[in-house]
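There are 2 protein chains.
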Amino acid sequence: MAKSFPSNANNRGNRGTLTERAYQALRRDIIDGIFAPCQPLRLESLKERYGLSFSPLREALNRLHSEKLVLSTAQRGFRVAELSRQEMWDTIETRILIECEALRRAMKNGQDDWETQMVAAFYSLSLCAERYPMTSGEASAAEAEELEARHRVFHCSLIAASDSQSLLHLAAQLYDQTERYRRPLLSTQRRFDQRDFQAEHKTIMDAVMARDPAATDLLAAHYRQTGTAIESALARLKTEAA
Amino acid sequence: MAKSFPSNANNRGNRGTLTERAYQALRRDIIDGIFAPCQPLRLESLKERYGLSFSPLREALNRLHSEKLVLSTAQRGFRVAELSRQEMWDTIETRILIECEALRRAMKNGQDDWETQMVAAFYSLSLCAERYPMTSGEASAAEAEELEARHRVFHCSLIAASDSQSLLHLAAQLYDQTERYRRPLLSTQRRFDQRDFQAEHKTIMDAVMARDPAATDLLAAHYRQTGTAIESALARLKTEAA
DNA sequence: ATCATCATTATTTTCGAAAATCAACCTTGC
DNA sequence: GCAAGGTTGATTTTCGAAAATAATGATGAT
Numbered sequence: 011m012a013k014s015f016p017s018n019a020n021n022r023g024n025r026g027t028l029t030e031r032a033y034q035a036l037r038r039d040i041i042d043g044i045f046a047p048c049q050p051l052r053l054e055s056l057k058e059r060y061g062l063s064f065s066p067l068r069e070a071l072n073r074l075h076s077e078k079l080v081l082s083t084a085q086r087g088f089r090v091a092e093l094s095r096q097e098m099w100d101t102i103e104t105r106i107l108i109e110c111e112a113l114r115r116a117m118k119n120g121q122d123d124w125e126t127q128m129v130a131a132f133y134s135l136s137l138c139a140e141r142y143p144m145t146s147g148e149a150s151a152a153e154a155e156e157l158e159a160r161h162r163v164f165h166c167s168l169i170a171a172s173d174s175q176s177l178l179h180l181a182a183q184l185y186d187q188t189e190r191y192r193r194p195l196l197s198t199q200r201r202f203d204q205r206d207f208q209a210e211h212k213t214i215m216d217a218v219m220a221r222d223p224a225a226t227d228l229l230a231a232h233y234r235q236t237g238t239a240i241e242s243a244l245a246r247l248k249t250e251a252a
Numbered sequence: 011m012a013k014s015f016p017s018n019a020n021n022r023g024n025r026g027t028l029t030e031r032a033y034q035a036l037r038r039d040i041i042d043g044i045f046a047p048c049q050p051l052r053l054e055s056l057k058e059r060y061g062l063s064f065s066p067l068r069e070a071l072n073r074l075h076s077e078k079l080v081l082s083t084a085q086r087g088f089r090v091a092e093l094s095r096q097e098m099w100d101t102i103e104t105r106i107l108i109e110c111e112a113l114r115r116a117m118k119n120g121q122d123d124w125e126t127q128m129v130a131a132f133y134s135l136s137l138c139a140e141r142y143p144m145t146s147g148e149a150s151a152a153e154a155e156e157l158e159a160r161h162r163v164f165h166c167s168l169i170a171a172s173d174s175q176s177l178l179h180l181a182a183q184l185y186d187q188t189e190r191y192r193r194p195l196l197s198t199q200r201r202f203d204q205r206d207f208q209a210e211h212k213t214i215m216d217a218v219m220a221r222d223p224a225a226t227d228l229l230a231a232h233y234r235q236t237g238t239a240i241e242s243a244l245a246r247l248k249t250e251a252a
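One line per chain: the protein sequences are P and U, in this order.
Last residue of the first sequence? That's 252 in the numbering used here, and every number before it is there in order.
Last residue of the second sequence? That's 252 in the numbering used here, and every number before it is there in order.
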């Protein structure tokens, strides 16, 4: 069939090691906001929290550092990276630059199996989106995580046929960096919102399959729209908190 | 005056730690080809070679992994990443995409201090280039390293006034990844070749300062030309070896 | 001879203690 | 009162040994 999708965050082949577990756990806790931005991550308390020793924790933290989720200063340890609207938009715009170029190349090179993967990924995402809570309550963490995963696969599939490994690598990297911003959006959204998003995804996919050059514009607009949605979700959360 | 230039490779603030030393030493040895591509990097032998313990070595190797200089597989340790013409060109083209966009933005936003930095960086690079051996012999490792450093600062200064941190970050990242390919070029070049390069640099800088939109084309051409020069330098080295 | 199984060796990964470093507080002298 | 210097305590960083895992080679059965 086709190769699996690249993933900077996960595919490091370290599935079984404690370092990998530490990495996954820390990453989730940072993205879910268990650790607040700028909060220092003391080795001693992490050791206790996860029941691990220094070595795997340090290694995981270093990995998160290279993904810009944590900051580190020599001899003063690690702390959670801050979030800012400005950084979010900066990353979104760079993502647009990278992914639109990758998309152009994918549309040029893509064959049957690429299109097949895309359709499959879209369908898989649809199923997940339709399971979202209708009106009341928040989506569970597991639901949000599954949606996030399929969403990732879908966006990755759009550009998968690009001939450039480095573009795909950077796209994955930037996807990971924006996940942290997307999370509050996912947990507050309802099935209703998901349908809007899916409609956009469908429009983009159709344009891509038709090799319509305007597909890149649709993709860019989609990302900017997501950015705006995140901003209002954050505003909403802040209002509720107050 | 102005802020220092960003550098993914070095600026991690870990100056004094053993991890930092391990990182620098390993990086140099990989780039200089002391360790051949695909060669496994056994912890035990590295420990002996550098007189360090596991922890700093592992940390350094993980860092090099995220810079794509080494590969790692769970429970099977690390090995030097391979080199390929295809990967080189892929990286060069991506670099062009990123840097040209960054350059456009820099030309839009740049003020006096940006131009000043650029002129300074160019001059500093010129001095170094003029010290290169005229005809006979190879450039020393120290000479090549110094040239590389100033070259980096110059290219970084061109785009420094871009308003996007993420673009600058990616540009630095890609610069680091291409350094490994550039090295054989630097050690075989003579002052003669350096003058050609400096002429190109001058042309680019002048176009940039004049806010000429064609500056991006010049920059792209420069990188592609470098790629071609690397290819022929490699061919030459292979012929000499045989 | 071929294959599977087990023991041995090589190597990575993990641990917890020891050393090094930094921040804060507390003197002491002026 | 206040700066200089020193001491304590908290925290990171480093180490080398121990545990875990993969690779190699040997043994025996089919």
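In this text, a Cβ means the ideal position worked out from N, Cα and C, and glycines have one as well.
CB contact check: residue i to chain P, cutoff 8 Å
| i | result |
| --- | --- |
| Y26 (chain U) | Inspection of the sequence shows that residue 26 (chain U) is occupied by Gly rather than by Tyr. Chain P, which has a Cβ nearer than 8 Å to the Cβ of G26 (chain U), makes this yes. |
| E92 (chain U) | no |
| V80 (chain U) | no |
| A152 (chain U) | no |
| A84 (chain U) | yes |
| S242 (chain U) | no |
Buried or exposed (CB count within 10 angstroms, at least 16 for buried), residue i
| i | result |
| --- | --- |
| Y185 (chain U) | buried |
| Q235 (chain P) | exposed |
| S108 (chain P) | Residue identity differs from the one stated: residue 108 (chain P) is Ile in this sequence, not Ser. Classification of I108 (chain P): buried, given that the 10 Å Cβ count is 16 or more. |
| Q121 (chain U) | exposed |
| I44 (chain P) | exposed |
| Q96 (chain U) | exposed |
| S55 (chain P) | exposed |
| F64 (chain U) | exposed |
| S172 (chain P) | buried |
| T249 (chain U) | exposed |
| S176 (chain U) | buried |
| M144 (chain U) | exposed |
| A252 (chain U) | exposed |
Spatial distance of residue i from residue j (CA atoms)
| i | j | result |
| --- | --- | --- |
| L51 (chain P) | R31 (chain P) | 17 Å |
| A152 (chain P) | Q199 (chain P) | 14 Å |
| E210 (chain U) | A159 (chain P) | 46 Å |
| F202 (chain U) | R115 (chain P) | 39 Å |
| R193 (chain P) | V218 (chain P) | 27 Å |
| A243 (chain P) | M128 (chain P) | 29 Å |
| T188 (chain P) | I41 (chain P) | 10 Å |
| T126 (chain U) | A170 (chain U) | 12 Å |
| I106 (chain P) | L196 (chain P) | 21 Å |
| Y33 (chain P) | L71 (chain P) | 7 Å |
| I102 (chain P) | A245 (chain U) | 41 Å |
| N119 (chain U) | L36 (chain P) | 38 Å |
| F88 (chain P) | E69 (chain U) | 14 Å |
| R190 (chain U) | W99 (chain U) | 13 Å |
| H75 (chain P) | R141 (chain U) | 39 Å |
| S82 (chain P) | D123 (chain P) | 43 Å |
| Q85 (chain P) | E111 (chain U) | 37 Å |
| L7 (chain U) | D216 (chain P) | No answer is possible for residue 7 (chain U): it lies beyond the span of chain U, which begins at 11 and ends at 252. |
| C138 (chain U) | E155 (chain U) | 10 Å |
| Q204 (chain P) | G26 (chain U) | 50 Å |
| L247 (chain P) | A46 (chain P) | 15 Å |
| A225 (chain P) | H232 (chain P) | 10 Å |
| K78 (chain U) | P66 (chain P) | 21 Å |
| L62 (chain P) | L28 (chain P) | 8 Å |
| R38 (chain P) | A239 (chain U) | 46 Å |
| L168 (chain P) | Q208 (chain P) | 14 Å |
| C48 (chain P) | E241 (chain P) | 20 Å |
| A220 (chain U) | L157 (chain U) | 26 Å |
| L228 (chain P) | A182 (chain P) | 19 Å |
| R73 (chain U) | V80 (chain U) | 9 Å |
Contact with chain U by residue i, beta-carbon distance below 8 Å
| i | result |
| --- | --- |
| T188 (chain P) | no |
| N20 (chain P) | Reliability of the predicted coordinates at N20 (chain P) is poor, the pLDDT of 37 falling under 50, and the value obtained from them is presented with this limitation in mind. By this cut-off, N20 (chain P) is not an interface position. |
Residue i: CB within 7 Å of a non-hydrogen atom of the ligand GTP
| i | result |
| --- | --- |
| T27 (chain P) | For the structure depicted, the ligand GTP is absent and the ligand set is empty, with no information on it obtainable. |
> Counting pairs of beta carbons, one from the segment 131-141 of chain U and one from the segment 163-170 of chain U, are three or more of them closer than 8 Å?
Replying inline: yes
>> Please identify, using Cβ separations under 7 Å, the residues of the segment 165-182 of chain U that lie next to chain P, in order along the chain.
In response: S174, Q175, S176, L177 and L180
>> Counting only Cβ-Cβ distances shorter than 9 Å, please list the residues of the segment 51-75 of chain U near chain P, keeping chain order.
In response: For chain P, the residues of the segment 51-75 of chain U that bring a beta carbon within less than 9 Å of one of its beta carbons are F64, S65, R68, E69, N72, R73 and H75, in chain order.
>> Tell me which residues of the segment 223-237 of chain U have at least one Cβ-Cβ distance to chain P shorter than 8 Å, keeping chain order.
In response: none
> Got a sec: which bits of the segment 97-128 of chain P sit with their beta carbon under 9 Å from any beta carbon on chain U, in order along the chain?
Replying inline: E97, D100, T101, E103, T104, R105, L107, I108 and E111
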